[in-house]
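Numbering (full-length UniProt numbering), first residue to last: 1 to 207.
By construction, the Cβ of each residue, glycine as well, lies at the ideal position given by its N, Cα and C atoms.
Every value quoted in this text rests on a predicted model; they were computed, and no experiment measured them.
The structure appears right after this line, and notes come after that.
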């Protein structure tokens, strides 16, 4: 049992130490989340690729979970740009590819919690495209960190795909607020938007 605890602690330490070393000198970072199962021809994947390219060519580094789908699309866009870095922070999973080939910097993590933290620790904004449980987990993690003041001042959270997110936003607005589970002002943490040109301009203004 003690040996297992030592291994566990060592792996956690490796995740945070290696993550800091990889990211500490990168400025003006944006994290893009989204499904690993989305085909590259999907509308949202193509939007993720375009947004990443537009940001990266302005010197913004793109950070993703390093996997397939939306993540690969975003890394592909950043990879094509001449300036910004394309960063993939991946994790080994039995049912999904761990690392896509469009990263200029990459690291594989041992644990989800350390990976999630490093995915947003050095970023100034987070753009979240449609996805499943993992994407929802990342969404609510970053919203909670923002709500509780754990993110840097001015941190932005964007949801791309108004049709996809509309039922979730109705639940947040009509149930969480009405039941006083969150304050009305907490709604301002999230911006639902489909126009990636507007997202680009807003992010450039804070970077």
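Can you find the residues in the same chain that come closer than 7 Å, C-beta to C-beta, to residue i, ignoring five residues on each side of it along the sequence?
| i | result |
| --- | --- |
| residue 200 | 51, 54 and 55 |
| residue 26 | 61, 85 and 122 |
Label residue i either buried or exposed according to how many other C-beta atoms from any shown protein chain fall within 10 Å of its C-beta, with 16 as the threshold for buried.
| i | result |
| --- | --- |
| residue 173 | exposed |
| residue 15 | buried |
| residue 85 | buried |
| residue 130 | buried |
| residue 144 | exposed |
| residue 135 | buried |
Can you find the residues in the same chain that come closer than 6 Å, C-beta to C-beta, to residue i, ignoring five residues on each side of it along the sequence?
| i | result |
| --- | --- |
| residue 69 | 35, 36, 37 and 38 |
| residue 128 | 33, 139 and 159 |
Quick one: what's residue i bridged to in DSSP?
| i | result |
| --- | --- |
| residue 88 | 64 and 106 |
| residue 177 | Looking at the DSSP assignment, residue 177 forms no beta bridge with any residue, so it has no partner. |
| residue 30 | 62 and 125 |
| residue 191 | 158 |
With a threshold of 8 Å, establish whether the CB of residue i neighbours any heavy atom of the ligand GTP.
| i | result |
| --- | --- |
| residue 165 | Among the components of this structure there are no ligands whatsoever, and the ligand GTP is therefore not found. |
Run through DSSP, which three-state label would residue i get?
| i | result |
| --- | --- |
| residue 83 | coil |
| residue 50 | helix |
| residue 200 | helix |
| residue 35 | coil |
| residue 7 | helix |
| residue 186 | helix |
| residue 40 | coil |
| residue 19 | helix |
Here's a check: name, in chain order, each residue in its chain whose Cβ is nearer than 8 Å to the Cβ of residue i, leaving out the five neighbours to either side.
| i | result |
| --- | --- |
| residue 184 | 177 |
Which runs of the alpha helix (DSSP H) at least 4 residues long sit entirely within the stretch 92-166? Give them in chain order. Counting whole runs of 4 or more residues, the stretch 92-166 contains the alpha helix (DSSP H) stretches 112-121 and 133-147.
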